[in-house]
Structure formats: structure tokens, C-alpha cells
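Protein sequences appear in the order of chains A and B. Note that the first sequence covers residues 142 to 501 in my numbering. Note that the second sequence covers residues 5 to 371 in my numbering.
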Amino acid sequence: MAHIKLEDLTKRFGRVTAIKRLNLEIHDKEFFVLLGPTGAGKTTTLRCISGLEKPNDGSIYIDKQNVDGLGPAERDVALVFQYYSLYPHYTVKQNLEFPLKSKIRNFTTQEINQRVTKAAKTLQIDHLLNRKTDKLSGGEMQRVAIGRAIVRDPKIFLMDEPLSNLDAKLREILRSELKGLQMNLGATFLYVTHDQVEAMTMGERIGVLRKGKLLQIGTPYEVYNNPVNRFVAEFIGTPTMNLFSSIIHDSRLIVTRDKFEIKLTQKTLNRLKGFDGEIDIGIRSEDITLSSENGIEARIYGIENMGMAKIITLKLAGFILKATVDADISVQLDTIIRFQLNQDKLHFFNKATGENLQLF
Amino acid sequence: MADIKLIDIEKYFGKNYVIRKLNLEIKDGEFLVLLGPSGCGKTTTLRSIAGLEEIDSGEILIDGKPVHKLKASDRDIAFVFQLYALYPHLNVFENIAFPLKATKKSTQTIEQRVREVAKVLQIESILNRSPSELSSGDMQRVAVGRAMVRRPKAILMDEPIGSLDAKLREEMRTELKRLHIEINATTLYVTHDQVEAMSMADKIAIMEDGILQQVGSPAEVYDHPSNLFVAQFIGSPIMNILDCTLDADESHTLCFLGEKEFSMRFSKSLYKHIESKAVPNGKLALGVRPEAVRLTRQARENYIKSEVHVIEPLGPYDIVDLKVSGQHMRVKAASNYIQKPGDAVWIQLDEKRTHFFDKESGRSLNF
Numbered sequence: 142m143a144h145i146k147l148e149d150l151t152k153r154f155g156r157v158t159a160i161k162r163l164n165l166e167i168h169d170k171e172f173f174v175l176l177g178p179t180g181a182g183k184t185t186t187l188r189c190i191s192g193l194e195k196p197n198d199g200s201i202y203i204d205k206q207n208v209d210g211l212g213p214a215e216r217d218v219a220l221v222f223q224y225y226s227l228y229p230h231y232t233v234k235q236n237l238e239f240p241l242k243s244k245i246r247n248f249t250t251q252e253i254n255q256r257v258t259k260a261a262k263t264l265q266i267d268h269l270l271n272r273k274t275d276k277l278s279g280g281e282m283q284r285v286a287i288g289r290a291i292v293r294d295p296k297i298f299l300m301d302e303p304l305s306n307l308d309a310k311l312r313e314i315l316r317s318e319l320k321g322l323q324m325n326l327g328a329t330f331l332y333v334t335h336d337q338v339e340a341m342t343m344g345e346r347i348g349v350l351r352k353g354k355l356l357q358i359g360t361p362y363e364v365y366n367n368p369v370n371r372f373v374a375e376f377i378g379t380p381t382m383n384l385f386s387s388i389i390h391d392s393r394l395i396v397t398r399d400k401f402e403i404k405l406t407q408k409t410l411n412r413l414k415g416f417d418g419e420i421d422i423g424i425r426s427e428d429i430t431l432s433s434e435n436g437i438e439a440r441i442y443g444i445e446n447m448g449m450a451k452i453i454t455l456k457l458a459g460f461i462l463k464a465t466v467d468a469d470i471s472v473q474l475d476t477i478i479r480f481q482l483n484q485d486k487l488h489f490f491n492k493a494t495g496e497n498l499q500l501f
Numbered sequence: 005m006a007d008i009k010l011i012d013i014e015k016y017f018g019k020n021y022v023i024r025k026l027n028l029e030i031k032d033g034e035f036l037v038l039l040g041p042s043g044c045g046k047t048t049t050l051r052s053i054a055g056l057e058e059i060d061s062g063e064i065l066i067d068g069k070p071v072h073k074l075k076a077s078d079r080d081i082a083f084v085f086q087l088y089a090l091y092p093h094l095n096v097f098e099n100i101a102f103p104l105k106a107t108k109k110s111t112q113t114i115e116q117r118v119r120e121v122a123k124v125l126q127i128e129s130i131l132n133r134s135p136s137e138l139s140s141g142d143m144q145r146v147a148v149g150r151a152m153v154r155r156p157k158a159i160l161m162d163e164p165i166g167s168l169d170a171k172l173r174e175e176m177r178t179e180l181k182r183l184h185i186e187i188n189a190t191t192l193y194v195t196h197d198q199v200e201a202m203s204m205a206d207k208i209a210i211m212e213d214g215i216l217q218q219v220g221s222p223a224e225v226y227d228h229p230s231n232l233f234v235a236q237f238i239g240s241p242i243m244n245i246l247d248c249t250l251d252a253d254e255s256h257t258l259c260f261l262g263e264k265e266f267s268m269r270f271s272k273s274l275y276k277h278i279e280s281k282a283v284p285n286g287k288l289a290l291g292v293r294p295e296a297v298r299l300t301r302q303a304r305e306n307y308i309k310s311e312v313h314v315i316e317p318l319g320p321y322d323i324v325d326l327k328v329s330g331q332h333m334r335v336k337a338a339s340n341y342i343q344k345p346g347d348a349v350w351i352q353l354d355e356k357r358t359h360f361f362d363k364e365s366g367r368s369l370n371f
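Structure, rendered in C-alpha cells:
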């Protein structure tokens, strides 16, 4: 069992509040990702849980036991950082053994060997055991760093952007591997990142943090399809969600800037719960369809071939929209095309507060 | 503007080569992206063209004239380091005029040049604004304007948007490509980010270890990579590479991944083609992009069974990591179509989009 509970956690650095009354529960064996931009308080939260940082207020429970008074070593958590922090003059094997050789642990040589061998096998670094760590590639070093956490067999892994200084291809491979590893180990992972792709692909649940406050907790599907506000909507997903202002009035969605309007279906009106007035509309690029006959006119301003798909930039009066289409669809730059918005996939945000209208 | 030709360029740092026998042409008005991982020689190539670095052998021609012996300042090339760094205390006009101030040109000439550039870039109406009032797209236009005002033969850019956040980078990409379409300046753009290369380039030149691997349009390098390196460097999610062996019966090519129990069937002609191209008894690698695999939850004829290992949701779709005959294959699936790890699913590869490589040399055997 490794269940984490944060209760009204607050941490201030001088006059700056890094986290503000944070309440969060991470389930046993869960892969939980804390996502947010720089300065959101993600790393501070992680450091409070590990015991490296003392919160000003609130409590932390691990397996229902209050750990506020415990030091880092007594909490049975392992930390993996963005920077590998390996001992460069040691071999991979020596690096992996190091956490086990601590006096308070009392492992026999045989036990140490067993654990190191097992960890090395899991991470596919068994062929590197006798190599010095400064002779390793970035990906290998990160595997060793994770291996050093694994050998201790901790209940909880805390990971702070462990993939962020690797190249794109390696990051993609290690994402898959880390998620597989977490399932195999049956351990609880709390993973901190600013990269929404990492959060989406690895997290069972994602907590979106901004300025020390949790905005939303949900599965990848939930935060992507039902973002709680404009910030989450724009932070999750690529291309960034299209946003434009409009007016809802008399069963119609009216865009004054481009002088077009859309008749809303009853289903959409139900979702709007009688709203009337100015509103921000959000729509993801894959929920816009292009057509030569039906829909609103726009000029094709840009075409980006991403291989798997094309991203088409549509120019309207005063704003642009991005639409994702199949890679084999051929369109001409600077020609006029028509597009339609999938009404079921429209997001409605309060103009002033940014809150998703449907959820409040 | 002009065309740039690199002929047999070589560059050494001590005994190690940084660029090896590089031949590359950037046509007049073309947007060429030099793409590769760090240390591949792309920035050294750019700096050699600019004259900031001397080459050890080979020739650099601009409009047919050799320039590699000329000083940087005599090559008529503009360097753009960052597309968003403007002098904050100067207005747009002054920012664009800045490079001319040092050239002792008359106020009248400067005024005329700046207006010309502003017209091309469609920023005439904002010449009096300060940089802080500009949108990201306009800021970029001003940065490019500052380069163009000296009437260069080409514009070189080295990771000019690399340090921006994801959303702004996305915006900058669209705007820069648009700008290029409008002004058609010969542009050489260096990046390690394949997304930037794919989305902006007329042509992509991929470098690895000082050696040019392939030059082609985004569609060409994505659909027809010439070797394993290009195949895996271009595209996200990355192309699956699996060990395979081929055999043939009377009517089909049989493709085995590991164990000889499951085979995938391809057309008869494939076997003959690969046999004619491959090194005898050489090892083969199969490459297939996640979107070129058909995936179903029910058993179907000519599909092979596999097991779900990890599900990675991306939003518009999921990437499902499968175990197939002891190897991993990541496959694109509709969002939420696959329920959980451990489930059995069936897959079939689209032959037209399946690649074969010589595992030793990495060379594609498809052509």
C-alpha cells in the first residue's frame, strides 16, 4: 500500500506563496502526473512530500500515517530528478549499489547483488554494469538514475521532470517505458512535468496546477475533452485549442468580427443552459471540418504537413483557426475554403472568469 | 535574393570531422531547413556559409560566385539569431533602421530602405509602435525586417524560436512560414526540432554525424525515408522498427516478426524486390509508422494477434503500445477504442506504407 494524501498544504517562500491550501489524494499504485507551467508549485509539492521541504501549513499522510514529523529517509520515497546526479567516477553497478550500502539498511552482499541485477534487467542496462557513468548516453544515464531509485524497492516514486533534457525521440521511448515500468513494479508514481504530452501519455490521472492552485484533476480524457477553464483548455493538447469570442443570442452563435453566425442545435442549447450574451468559444483543430460546399468561408493562410496529418490555418476577419485534416487532403494556399464546427465539441467559457460554462 | 551551393564542403576540428563532403543546394527563394540532433554539424554548416567559420575544403557559391574566401561582412548574408528579440527602447522604424546606422548611409536612403522593407513585410502601419505593443507575428516581421534592410542575398537562422514556450512556438511557426510565402527570401533555417522542419520547410536536409542523410520535401522525407536514421528522426510518434525475416510461398510474401508462428502476408512481388536489393543473408528491419497499422478488437483474417502493453492518450487519438511476437509496436487508435493493458487486439500492416531496411547499413530497401 502506498497512498498519499495532502491536506490543505501551504508553502511560502518569504512573501511568495508557492502552494496554497492544496488538497490531493494519490491512490495506491497510481501513476499521477502533476502538470503546470514554470512556477506553478509542482516541484515544491514534490519536495514537501519527500520531506526535503517543510510546509508552512497542512499535513501529509502516507498510508494514512501522518509523516509531517518524519525526515526524508524515514518516508520510504525515492526521488528521481531532471539532472541525473550520478557519481561520475563510479561504474553503473557501483551507482546502483550505493543506496543499498547505507548503514541504516543492513543488506547482505548477496541481497545487494540480487537487487542490482534485477533492477538492471528491468531497465535494460545489464550490459552496462561495468561501465563508468560518464561514458553513458543521456538516456542510459537517466535509466541508471531510475535504477538507483528502484533498487531500494520504495513504495513511492517521486519524479521531477526526469525526461526533460533528453532529445525528442528518446523522450518518446522512455515515456512508454516508464509507464510500463510503473505497472510492472506496482508502485505509486507521482510525476511532475510542464510537458502536457508527458502528462497525457503517462498519467492515469492528471492534476493541473497553476500559481500554487489545483485547477483540475482528471483522467487524460477528462482534462482534454472537458477542461474546467480556458487555461486548462489551452495548456492541454497540440495544436493549442482555437479560441474566439462570440455572442450567444436567440439560438444562434454570432461571431461579430467575421460576421458569421451558426444556428445552434437543441442539444447544444441544452448544454448552454439558457445562456445569453458574450462568450468565449473553444474548439480543437480536429473538430473543424473543411468542405468545398458547406459552411463558413475562410482563406487558407497556412498549410503545415506534419506527416501523419496536415494542419491548415484558416484566416478569418480578425482571427485565425487551425484545423487538422488527413495528410493526403490537398488544398491550395490563399484559396477560399469552407469549414464547419462540430457543435458537440464546442467548449463554452465565461468571458470574464474563463470558467467552462457547462461545469459551473 | 540568390541561390546558395555547397560543393564537397569539409570541416575538421583537430582530427575529427564536423562536416564531411557536404553537397547541398538552396535555390533562390527556397526555405531550406537543416535538421539534425546536436553535434551533427548543422550549425557549423550555417556558420561556414555566413563566414563565421572557415571550411577546410570545398566550395561555397552564392549566385554562382565562390565566397568561401570572403570575409563575413562581404558575403551579403543576414543572420537572424532570435525572432523575438528587438530593442525595446526603439520603435519599429528605428529597430529596422538600426543595421544601416553603422553604414554611414544618408538619412534619406535609410528612410527609403526601411519603408521598402516595411511594405514587403506589410508592417507600414506599425512603424511608430514600440516592440512591447506588437503581436508575436509582427515582432517576427520586424526581426526579419531588420535582416532584410541590408538587402542580403540570403537569410540564415539558427534555432530562432527554440527557447519559446510551446504555444508561442506554434504561433511563430505559422507566421514565419506565411512570411516566407509572402517575401520569398532564400532562407536557411537550422533546428533540431523535426516539427519545425516539417511544418515550415520547402525542403528538409537531414544531417547526422557530419554527413547529409537525405534532402527532400516534408512529405518525401516522411513517406520515403532513405535510411533508418531519417525514418526515426522524422515524425512523432516515431516510426516502429522491428526485426523481421521474409519468406515466400506460391502467392504471397510472408513476413515473420521473431517466432515463426505468426506471419504477415504481403504481395508476392515484395519478396522479389527486397531479395534483389538486400545483402544476401543480411538482417532486415521492418519500419512502420503508428498510423499505417490497422487495428481491431476482433480476430480477422490476415490479421495477427497481439497484446496491449501500454495505452498513451494524446487527446485526438491514442497511441497503443503492443507486444507482437516479443517485440514492441506502437499503433495509432481512436481515442478510448482500446480499453486496457492485457487486452488482445489484432493488427495488419498497410503494405504500401511498410518500409524495409538493411539492418547493418540502415539503408532503405524500398526504392
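We treat Cβ as the ideally placed atom computed from N, Cα and C, and that holds for glycine. The structure displayed is predicted, hence computed values, not measured ones.
Measure from the C-beta of residue i to each C-beta in chain B and report whether the shortest distance is under 9 Å.
| i | result |
| --- | --- |
| MET300 of chain A | no |
| ALA468 of chain A | yes |
| VAL338 of chain A | yes |
| LEU350 of chain A | no |
| GLY177 of chain A | no |
| LEU474 of chain A | yes |
| GLY448 of chain A | yes |
| ALA309 of chain A | yes |
| GLY459 of chain A | no |
Check whether chain A comes within 9 Å of residue i, counting only Cβ atoms and requiring the distance to be less than that.
| i | result |
| --- | --- |
| LEU318 of chain B | yes |
| ALA170 of chain B | yes |
| HIS256 of chain B | no |
| TYR226 of chain B | yes |
| ARG301 of chain B | no |
| VAL335 of chain B | no |
| LYS181 of chain B | yes |
| GLY262 of chain B | no |
| MET268 of chain B | no |
Could you name the residues of the same chain whose beta carbon sits closer than 7 Å to that of residue i, not counting the 5 residues immediately before and after it, in chain order?
| i | result |
| --- | --- |
| PRO444 of chain A | Per the sequence shown, residue 444 of chain A should be read as Ile rather than Pro. Contacts found: LYS451, ILE453, VAL472 and LEU474. |
| GLY177 of chain A | LYS183, HIS335, VAL349, LEU350 and ARG351 |
| GLY495 of chain A | ASN370, ARG371 and PHE372 |
| ASP213 of chain B | CYS44 |
| MET343 of chain A | PHE172, VAL174, ARG316, LEU319, LYS320 and TYR332 |
Counting along the chain, where does the alpha helix (DSSP H) carrying residue i start and finish?
| i | result |
| --- | --- |
| ILE185 of chain B | 170 to 187 |
| ILE291 of chain A | 279 to 291 |
| LYS262 of chain A | 250 to 263 |
| ARG216 of chain A | Run containing ARG216 of chain A: none; DSSP gives neither H nor E here. |
| GLN323 of chain A | 309 to 326 |
| GLU279 of chain B | 272 to 281 |
How many angstroms separate the CA atom of residue i from the CA atom of residue j?
| i | j | result |
| --- | --- | --- |
| LEU138 of chain B | LEU125 of chain B | 14 Å |
| LEU192 of chain B | GLY18 of chain B | 27 Å |
| PRO320 of chain B | GLU224 of chain B | 25 Å |
| SER136 of chain B | VAL157 of chain A | 27 Å |
| GLU345 of chain A | LEU319 of chain A | 13 Å |
| LEU269 of chain A | ARG289 of chain A | 14 Å |
| ARG216 of chain A | ALA289 of chain B | 47 Å |
| GLY69 of chain B | MET243 of chain B | The sequence given here has Lys at residue 69 of chain B, not Gly. Approximately 41 Å between the Cα atoms of the pair. |
| LEU261 of chain B | ASP467 of chain A | 29 Å |
| ASN20 of chain B | GLU14 of chain B | 11 Å |
| ILE11 of chain B | ILE470 of chain A | 37 Å |
| LEU369 of chain B | HIS277 of chain B | 8 Å |
| GLY210 of chain A | ASN247 of chain A | 24 Å |
Is residue i buried or exposed, if buried means 16 or more other CB atoms sit within 10 Å of its CB?
| i | result |
| --- | --- |
| ILE477 of chain A | exposed |
| GLU305 of chain B | exposed |
| GLN283 of chain A | buried |
| VAL283 of chain B | exposed |
| LYS205 of chain B | The question names Lys, but residue 205 of chain B is Ala in the sequence shown. Burial call: buried. |
| PHE2 of chain B | Nothing about residue 2 of chain B can be read from this structure; chain B reaches only from 5 to 371. |
| GLY371 of chain B | This sequence places Phe at residue 371 of chain B; Gly is not what is there. By the neighbour-count rule (16 or more Cβ atoms within 10 Å), PHE371 of chain B is not buried but exposed. |
Could you please give the first and the last residue of the uninterrupted beta strand (DSSP E) stretch that includes residue i?
| i | result |
| --- | --- |
| ASN383 of chain A | 383 to 390 |
Output needed for residue i: all residues of its chain with C-beta closer than 6 Å, excluding positions within five of it in sequence on either side, in chain order.
| i | result |
| --- | --- |
| SER52 of chain B | ILE59 |
| TYR16 of chain B | ASP60 |
Should residue i be listed as close to the ligand ADP, given that the test is whether its C-beta is under 8 Å from any heavy atom?
| i | result |
| --- | --- |
| ASN367 of chain A | This structure does not include the ligand ADP; it has no bound ligands of any sort. |
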